[in-house]
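Enquirer: Dropping the structure in here first, questions after.
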Amino acid sequence: MKDTADILCIGSVLWDVIGRTASHMRVGSDVPGRITRLPGGVAMNIAMTLRRFGMSPALLTAVGQDAEGNELIAEAERMGMICDHIYRSEDLPTDVYMAIEGANGLIAAIADAHSLEAAGAKILRALEDGALGTAKQPFDGPIALDGNLTVELLQDIAKSPLFRAADLRVAPASPGKAERLLALIDHPSATFYVNIEEAGLLCQTRFDSSAAGAAGLIARGAHRVLVTDGGNAASEGTAGDIITQTPPSVMVTRVTGAGDTFMAGHIASEAQGMDRSAALHRALQAAATYVSGETPL
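Okay, so the sequence shown: first residue is 1 according to UniProt numbering, each after it adds one.
Take a look at the structure:
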(Lines of atoms letter the chains of each structure in order from A and count residues from 1; the text may use other names and numbers.)
(Lines give C-alpha, C1' and ligand atoms only; values in the text may rest on other atoms or scores of the structure.)
Protein backbone atom coordinates (compact mmCIF):
# COMPACT_ATOMS: atom_id res chain seq x y z
CA MET A 1 0.00 0.00 0.00
CA LYS A 2 1.18 3.52 -0.75
CA ASP A 3 1.56 5.96 2.13
CA THR A 4 -0.18 8.75 0.21
CA ALA A 5 -3.68 8.72 -1.19
CA ASP A 6 -4.42 8.94 -4.90
CA ILE A 7 -8.17 9.32 -4.25
CA LEU A 8 -10.32 10.43 -1.31
CA CYS A 9 -13.57 8.66 -0.41
CA ILE A 10 -15.86 10.96 1.58
CA GLY A 11 -19.07 9.71 3.14
CA SER A 12 -20.44 6.71 4.96
CA VAL A 13 -18.18 4.04 6.43
CA LEU A 14 -20.15 1.64 8.61
CA TRP A 15 -21.16 -1.95 9.17
CA ASP A 16 -23.46 -3.58 6.63
CA VAL A 17 -25.82 -6.13 8.16
CA ILE A 18 -27.39 -7.96 5.22
CA GLY A 19 -29.97 -10.75 5.32
CA ARG A 20 -30.19 -12.75 2.07
CA THR A 21 -32.53 -15.54 1.04
CA ALA A 22 -33.10 -17.52 -2.15
CA SER A 23 -36.85 -17.17 -1.62
CA HIS A 24 -39.15 -14.52 -3.08
CA MET A 25 -40.30 -12.20 -0.32
CA ARG A 26 -43.19 -9.86 0.40
CA VAL A 27 -44.29 -7.81 3.40
CA GLY A 28 -44.45 -10.11 6.42
CA SER A 29 -42.36 -12.92 4.92
CA ASP A 30 -40.42 -15.08 7.39
CA VAL A 31 -37.98 -17.31 5.51
CA PRO A 32 -34.62 -19.05 6.06
CA GLY A 33 -31.47 -17.39 4.77
CA ARG A 34 -28.06 -16.05 5.72
CA ILE A 35 -27.18 -12.92 7.72
CA THR A 36 -23.75 -11.35 7.28
CA ARG A 37 -21.93 -8.36 8.77
CA LEU A 38 -19.35 -6.72 6.55
CA PRO A 39 -17.68 -3.31 6.24
CA GLY A 40 -19.94 -1.13 4.12
CA GLY A 41 -21.34 2.28 3.42
CA VAL A 42 -21.06 4.03 0.07
CA ALA A 43 -17.60 5.50 0.67
CA MET A 44 -16.30 2.19 2.03
CA ASN A 45 -17.78 0.13 -0.81
CA ILE A 46 -16.16 2.44 -3.35
CA ALA A 47 -12.83 2.31 -1.50
CA MET A 48 -12.86 -1.50 -1.32
CA THR A 49 -13.28 -1.79 -5.08
CA LEU A 50 -10.67 0.89 -5.73
CA ARG A 51 -8.20 -1.17 -3.68
CA ARG A 52 -8.91 -4.20 -5.84
CA PHE A 53 -8.11 -2.06 -8.88
CA GLY A 54 -4.78 -1.02 -7.33
CA MET A 55 -5.64 2.47 -6.11
CA SER A 56 -4.84 3.87 -2.65
CA PRO A 57 -7.95 5.49 -1.14
CA ALA A 58 -8.08 7.61 2.00
CA LEU A 59 -11.33 7.62 3.97
CA LEU A 60 -12.88 10.84 5.26
CA THR A 61 -15.79 9.93 7.50
CA ALA A 62 -16.95 9.65 11.10
CA VAL A 63 -16.45 6.47 13.11
CA GLY A 64 -17.19 6.07 16.80
CA GLN A 65 -14.62 5.22 19.43
CA ASP A 66 -16.70 2.20 20.38
CA ALA A 67 -15.79 -1.46 19.91
CA GLU A 68 -17.61 -1.58 16.56
CA GLY A 69 -15.65 1.44 15.36
CA ASN A 70 -12.28 0.03 16.43
CA GLU A 71 -13.06 -3.20 14.63
CA LEU A 72 -14.18 -1.34 11.52
CA ILE A 73 -11.01 0.80 11.39
CA ALA A 74 -8.83 -2.28 11.86
CA GLU A 75 -10.60 -4.05 9.00
CA ALA A 76 -10.26 -1.02 6.71
CA GLU A 77 -6.54 -0.78 7.44
CA ARG A 78 -6.13 -4.50 6.84
CA MET A 79 -7.64 -4.00 3.38
CA GLY A 80 -5.09 -1.27 2.65
CA MET A 81 -7.10 1.91 3.13
CA ILE A 82 -5.67 5.08 4.64
CA CYS A 83 -7.61 5.79 7.85
CA ASP A 84 -5.37 8.50 9.38
CA HIS A 85 -7.86 11.29 8.62
CA ILE A 86 -11.08 9.69 9.92
CA TYR A 87 -12.91 11.72 12.55
CA ARG A 88 -13.24 9.52 15.65
CA SER A 89 -16.05 10.78 17.84
CA GLU A 90 -16.07 10.12 21.58
CA ASP A 91 -19.84 10.39 21.95
CA LEU A 92 -21.26 9.24 18.60
CA PRO A 93 -21.72 5.52 17.86
CA THR A 94 -20.47 3.82 14.72
CA ASP A 95 -23.13 3.89 11.99
CA VAL A 96 -24.82 0.79 10.59
CA TYR A 97 -26.85 -0.23 7.52
CA MET A 98 -29.38 -3.08 7.55
CA ALA A 99 -30.95 -4.64 4.47
CA ILE A 100 -33.07 -7.64 3.47
CA GLU A 101 -32.56 -9.14 0.00
CA GLY A 102 -34.70 -11.85 -1.55
CA ALA A 103 -34.74 -13.62 -4.90
CA ASN A 104 -36.87 -10.70 -6.12
CA GLY A 105 -34.25 -8.09 -5.18
CA LEU A 106 -33.89 -5.62 -2.34
CA ILE A 107 -36.93 -5.90 -0.08
CA ALA A 108 -36.16 -3.19 2.46
CA ALA A 109 -33.24 -1.32 3.99
CA ILE A 110 -32.53 1.14 6.77
CA ALA A 111 -29.41 3.31 6.82
CA ASP A 112 -28.48 4.64 10.25
CA ALA A 113 -25.92 7.29 9.26
CA HIS A 114 -26.81 9.72 12.03
CA SER A 115 -23.27 9.94 13.38
CA LEU A 116 -21.90 10.94 9.97
CA GLU A 117 -24.58 13.61 9.67
CA ALA A 118 -23.94 14.87 13.21
CA ALA A 119 -20.17 15.10 12.62
CA GLY A 120 -20.76 17.44 9.67
CA ALA A 121 -17.75 19.41 8.45
CA LYS A 122 -15.46 17.85 11.07
CA ILE A 123 -14.83 14.99 8.64
CA LEU A 124 -13.23 17.47 6.20
CA ARG A 125 -10.57 18.88 8.53
CA ALA A 126 -7.70 17.16 6.70
CA LEU A 127 -8.59 19.07 3.53
CA GLU A 128 -7.87 22.42 5.19
CA ASP A 129 -5.25 21.80 7.90
CA GLY A 130 -2.51 20.79 5.46
CA ALA A 131 -2.76 17.03 5.92
CA LEU A 132 -4.40 16.62 2.50
CA GLY A 133 -4.63 20.22 1.35
CA THR A 134 -5.46 23.79 2.27
CA ALA A 135 -7.74 26.52 0.93
CA LYS A 136 -4.77 27.99 -0.97
CA GLN A 137 -3.45 24.62 -2.17
CA PRO A 138 -6.48 22.34 -2.32
CA PHE A 139 -6.39 18.62 -3.00
CA ASP A 140 -6.20 18.24 -6.79
CA GLY A 141 -6.99 14.56 -7.31
CA PRO A 142 -10.22 12.59 -7.63
CA ILE A 143 -12.72 12.66 -4.75
CA ALA A 144 -15.58 10.19 -4.43
CA LEU A 145 -18.40 11.88 -2.53
CA ASP A 146 -21.61 10.23 -1.34
CA GLY A 147 -25.06 11.56 -0.57
CA ASN A 148 -25.13 10.46 3.05
CA LEU A 149 -23.78 13.92 3.91
CA THR A 150 -26.31 16.54 4.94
CA VAL A 151 -27.76 19.02 2.46
CA GLU A 152 -26.05 21.83 4.35
CA LEU A 153 -22.63 20.21 4.09
CA LEU A 154 -23.12 19.40 0.39
CA GLN A 155 -24.07 23.04 -0.19
CA ASP A 156 -20.88 24.14 1.58
CA ILE A 157 -18.81 21.73 -0.50
CA ALA A 158 -20.35 23.10 -3.70
CA LYS A 159 -18.85 26.54 -3.05
CA SER A 160 -15.84 25.62 -0.92
CA PRO A 161 -12.31 26.49 -2.14
CA LEU A 162 -11.17 23.18 -0.64
CA PHE A 163 -12.80 21.38 -3.61
CA ARG A 164 -12.10 23.79 -6.45
CA ALA A 165 -9.19 21.74 -7.88
CA ALA A 166 -10.71 18.30 -7.33
CA ASP A 167 -12.18 15.87 -9.82
CA LEU A 168 -15.48 15.29 -7.99
CA ARG A 169 -17.23 11.95 -8.46
CA VAL A 170 -20.66 12.05 -6.82
CA ALA A 171 -23.17 9.33 -5.95
CA PRO A 172 -26.43 9.34 -3.98
CA ALA A 173 -26.56 7.00 -1.00
CA SER A 174 -30.01 5.80 -2.07
CA PRO A 175 -33.02 7.03 -4.06
CA GLY A 176 -34.38 8.47 -0.82
CA LYS A 177 -31.37 10.77 -0.53
CA ALA A 178 -30.86 11.52 -4.23
CA GLU A 179 -32.34 15.01 -4.09
CA ARG A 180 -29.61 16.08 -1.65
CA LEU A 181 -27.26 16.11 -4.64
CA LEU A 182 -29.07 19.04 -6.24
CA ALA A 183 -26.65 21.21 -4.23
CA LEU A 184 -23.88 20.01 -6.57
CA ILE A 185 -25.82 19.64 -9.82
CA ASP A 186 -24.08 22.50 -11.64
CA HIS A 187 -20.62 22.05 -10.12
CA PRO A 188 -18.15 22.44 -13.03
CA SER A 189 -16.03 19.38 -12.18
CA ALA A 190 -18.65 16.98 -10.82
CA THR A 191 -19.46 13.64 -12.44
CA PHE A 192 -22.71 12.09 -11.19
CA TYR A 193 -23.24 8.33 -10.86
CA VAL A 194 -26.96 7.56 -10.50
CA ASN A 195 -29.47 4.90 -11.42
CA ILE A 196 -32.48 5.65 -13.58
CA GLU A 197 -34.79 6.15 -10.58
CA GLU A 198 -32.39 8.63 -9.00
CA ALA A 199 -32.04 10.48 -12.29
CA GLY A 200 -35.82 10.86 -12.36
CA LEU A 201 -35.90 12.15 -8.79
CA LEU A 202 -33.24 14.75 -9.54
CA CYS A 203 -35.19 15.90 -12.60
CA GLN A 204 -38.67 15.50 -11.03
CA THR A 205 -39.83 13.17 -13.81
CA ARG A 206 -39.50 9.55 -14.96
CA PHE A 207 -37.22 8.24 -17.69
CA ASP A 208 -37.69 5.16 -19.84
CA SER A 209 -34.00 4.72 -20.65
CA SER A 210 -30.58 5.56 -19.22
CA ALA A 211 -29.83 7.73 -22.25
CA ALA A 212 -32.94 9.80 -21.60
CA GLY A 213 -31.94 10.08 -17.96
CA ALA A 214 -28.45 11.26 -18.89
CA ALA A 215 -29.85 13.84 -21.30
CA GLY A 216 -32.29 15.04 -18.65
CA LEU A 217 -29.58 15.52 -16.03
CA ILE A 218 -27.36 17.38 -18.47
CA ALA A 219 -30.27 19.66 -19.35
CA ARG A 220 -30.77 20.15 -15.61
CA GLY A 221 -27.22 21.55 -15.39
CA ALA A 222 -24.99 18.53 -14.73
CA HIS A 223 -21.49 18.66 -16.23
CA ARG A 224 -21.14 14.90 -16.72
CA VAL A 225 -23.30 11.90 -15.77
CA LEU A 226 -23.40 8.11 -15.72
CA VAL A 227 -26.84 6.52 -15.49
CA THR A 228 -27.44 2.81 -14.91
CA ASP A 229 -30.66 0.81 -15.24
CA GLY A 230 -30.07 -2.60 -13.69
CA GLY A 231 -29.52 -5.15 -16.44
CA ASN A 232 -30.59 -2.70 -19.13
CA ALA A 233 -28.35 -0.32 -21.07
CA ALA A 234 -26.26 2.22 -19.13
CA SER A 235 -25.20 5.63 -20.45
CA GLU A 236 -22.37 8.10 -19.91
CA GLY A 237 -22.47 11.59 -21.26
CA THR A 238 -21.74 15.25 -21.34
CA ALA A 239 -23.63 17.96 -23.19
CA GLY A 240 -24.45 16.72 -26.70
CA ASP A 241 -22.40 13.53 -26.39
CA ILE A 242 -23.95 10.42 -24.82
CA ILE A 243 -22.66 6.86 -25.22
CA THR A 244 -24.66 3.77 -24.23
CA GLN A 245 -23.66 0.15 -23.53
CA THR A 246 -25.52 -2.94 -22.36
CA PRO A 247 -24.11 -4.80 -19.33
CA PRO A 248 -23.40 -8.54 -19.41
CA SER A 249 -26.29 -10.82 -18.52
CA VAL A 250 -25.60 -12.63 -15.24
CA MET A 251 -27.43 -14.46 -12.47
CA VAL A 252 -28.05 -11.92 -9.70
CA THR A 253 -27.09 -13.15 -6.21
CA ARG A 254 -26.65 -9.78 -4.45
CA VAL A 255 -27.52 -6.15 -5.15
CA THR A 256 -26.33 -4.05 -2.18
CA GLY A 257 -23.12 -2.30 -3.26
CA ALA A 258 -23.49 -2.92 -7.01
CA GLY A 259 -23.73 0.79 -7.87
CA ASP A 260 -20.71 1.58 -5.73
CA THR A 261 -18.75 -1.15 -7.50
CA PHE A 262 -19.74 0.30 -10.89
CA MET A 263 -18.63 3.77 -9.83
CA ALA A 264 -15.28 2.59 -8.44
CA GLY A 265 -14.59 0.49 -11.52
CA HIS A 266 -15.22 3.48 -13.74
CA ILE A 267 -13.04 5.83 -11.67
CA ALA A 268 -10.17 3.33 -11.58
CA SER A 269 -10.42 2.67 -15.31
CA GLU A 270 -10.18 6.36 -16.15
CA ALA A 271 -7.32 6.80 -13.67
CA GLN A 272 -5.48 4.09 -15.61
CA GLY A 273 -5.95 5.99 -18.87
CA MET A 274 -8.86 4.16 -20.48
CA ASP A 275 -11.04 6.08 -22.92
CA ARG A 276 -14.75 6.69 -22.30
CA SER A 277 -16.02 3.57 -24.03
CA ALA A 278 -13.46 1.24 -22.45
CA ALA A 279 -14.00 2.72 -18.98
CA LEU A 280 -17.77 2.28 -19.21
CA HIS A 281 -17.37 -1.29 -20.46
CA ARG A 282 -15.02 -2.23 -17.63
CA ALA A 283 -17.27 -0.64 -15.00
CA LEU A 284 -20.27 -2.60 -16.28
CA GLN A 285 -18.22 -5.79 -16.23
CA ALA A 286 -17.14 -5.11 -12.64
CA ALA A 287 -20.72 -4.50 -11.49
CA ALA A 288 -22.02 -7.60 -13.30
CA THR A 289 -19.33 -9.76 -11.75
CA TYR A 290 -20.15 -8.31 -8.33
CA VAL A 291 -23.89 -9.01 -8.49
CA SER A 292 -23.13 -12.54 -9.69
CA GLY A 293 -21.32 -13.12 -6.38
CA GLU A 294 -17.75 -13.04 -7.66
CA THR A 295 -14.91 -10.59 -6.96
CA PRO A 296 -15.19 -7.72 -9.54
CA LEU A 297 -11.84 -8.04 -11.32
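Where a beta carbon is used, it is the ideal one built from N, C-alpha and C, also for glycine.
Can you tell me whether N232 is buried or exposed, with buried defined as 16 or more other CB within 10 angstroms of its CB?
Expert: That one is exposed.
Enquirer: On the criterion of 16 or more Cβ atoms from any shown chain inside 10 Å, does I46 qualify as buried, or is it exposed?
Expert: So I46 ends up on the buried side.
Enquirer: According to DSSP, is Q245 part of a helix, a strand, or is it coil?
Expert: Strand at Q245.
Enquirer: Could you give the distance in angstroms between the alpha-carbon of L116 and the alpha-carbon of V42?
Expert: Going by the C-alpha atoms only, they are around 12 angstroms apart.
Enquirer: Looking at C-alpha atoms only, which residue of S249, T256, Q245, A258 is the closest neighbour of A279?
Expert: When only C-alpha atoms are compared, the closest one is Q245.
Enquirer: Mind checking which residues open and close the alpha helix (DSSP H) that includes T191?
Expert: Not the alpha helix (DSSP H): T191 falls in the beta strand (DSSP E), residues 190-195.
Enquirer: Report the rounded CA-to-CA distance for L14 versus R169, giving the unit in angstroms.
Expert: Between L14 and R169, the C-alpha separation is close to 20 angstroms.
Enquirer: Considering S115, what are the terminal residues of the beta strand (DSSP E) in which it resides?
Expert: Per DSSP, S115 belongs to no beta strand (DSSP E); it is in the alpha helix (DSSP H), 114-119.
Enquirer: Under the three-state reduction of DSSP, which class applies to E236: helix, strand or coil?
Expert: In this structure, E236 counts as strand in the three-state DSSP scheme.
Enquirer: For the beta strand (DSSP E) that D260 lies in, which residues bound it at each end?
Expert: Premise fails: D260 lies in the alpha helix (DSSP H), 258-271, not in any beta strand (DSSP E).
Enquirer: Distance, Cα to Cα, I185 vs L59?
Expert: Roughly 23 angstroms between the two C-alpha positions.
Enquirer: What residue range is occupied by the uninterrupted beta strand (DSSP E) comprising R52?
Expert: Element bounds for R52: not the beta strand (DSSP E) but the alpha helix (DSSP H), 42-52.
Enquirer: When DSSP labels each residue in this structure, what does C203 get in the three-state scheme?
Expert: Residue state, collapsed to three classes: helix.
Enquirer: Identify the continuous alpha helix (DSSP H) that holds L144 and give its terminal residues.
Expert: Just to set this straight, residue 144 is Ala in the shown sequence, not Leu. Premise fails: A144 lies in the beta strand (DSSP E), 142-146, not in any alpha helix (DSSP H).
Enquirer: Spatial neighbours of M55 within its chain, please: C-beta separation below 7 angstroms, excluding the five flanking residues on both sides.
Expert: The residues are D6, I7, A268, A271.
Enquirer: Of the residues I86, D146, V63, which one's Cα is nearest the Cα of L132?
Expert: Here the closest residue by C-alpha is I86.
Enquirer: Using DSSP with H/G/I as helix, E/B as strand and the rest coil, what is I86?
Expert: If DSSP states are grouped into helix, strand and coil, I86 belongs with coil.
Enquirer: If I follow the unbroken alpha helix (DSSP H) through L226, where does it start and stop?
Expert: No alpha helix (DSSP H) holds L226; the beta strand (DSSP E) holding it covers 224-229.
Enquirer: Got a sec? Which residues, its chain only, sit under 7 angstroms from M79 by beta carbon, not counting five neighbours each side?
Expert: Closer than 7 angstroms at Cβ, skipping near neighbours: M48, R51.
Enquirer: Regarding F139 and the ligand ATP, is the C-beta to nearest heavy atom distance less than 8 angstroms?
Expert: Ligands in the displayed structure: none, and consequently the ligand ATP is not present.
Enquirer: Put D156 into one of helix, strand or coil per three-state DSSP.
Expert: Three-state result, D156: helix.
Enquirer: From the DSSP output, which residues share a beta bridge with V17?
Expert: Bridge partners of V17: R37, M98.
Enquirer: In the DSSP assignment, find the unbroken alpha helix (DSSP H) run with L280 in it and report its ends.
Expert: Per DSSP, L280 belongs to the alpha helix (DSSP H) from 276-291.
Enquirer: Decide if the region 19-26 is in contact with the region 153-163; the criterion is three or more beta carbon pairs, one per stretch, under 8 angstroms apart.
Expert: No: the two stretches stay apart, fewer than three of their Cβ pairs being nearer than 8 angstroms.
Enquirer: For the beta strand (DSSP E) holding A58, just list the boundary residues, first then last.
Expert: Looking at the DSSP string, the run of the beta strand (DSSP E) that includes A58 is 57-60.
Enquirer: Could you work out which residue in A183, S292, K177 is closest to N195 when comparing CA atoms only?
Expert: Cα-wise, what sits closest to N195 is K177.
Enquirer: Between the alpha carbons of M1 and H114, how many angstroms are there, rounded?
Expert: For M1, the predicted structure reports a pLDDT of 44, less than 50, and the residue's modelled location is therefore unreliable. The matter cannot be settled from this model.
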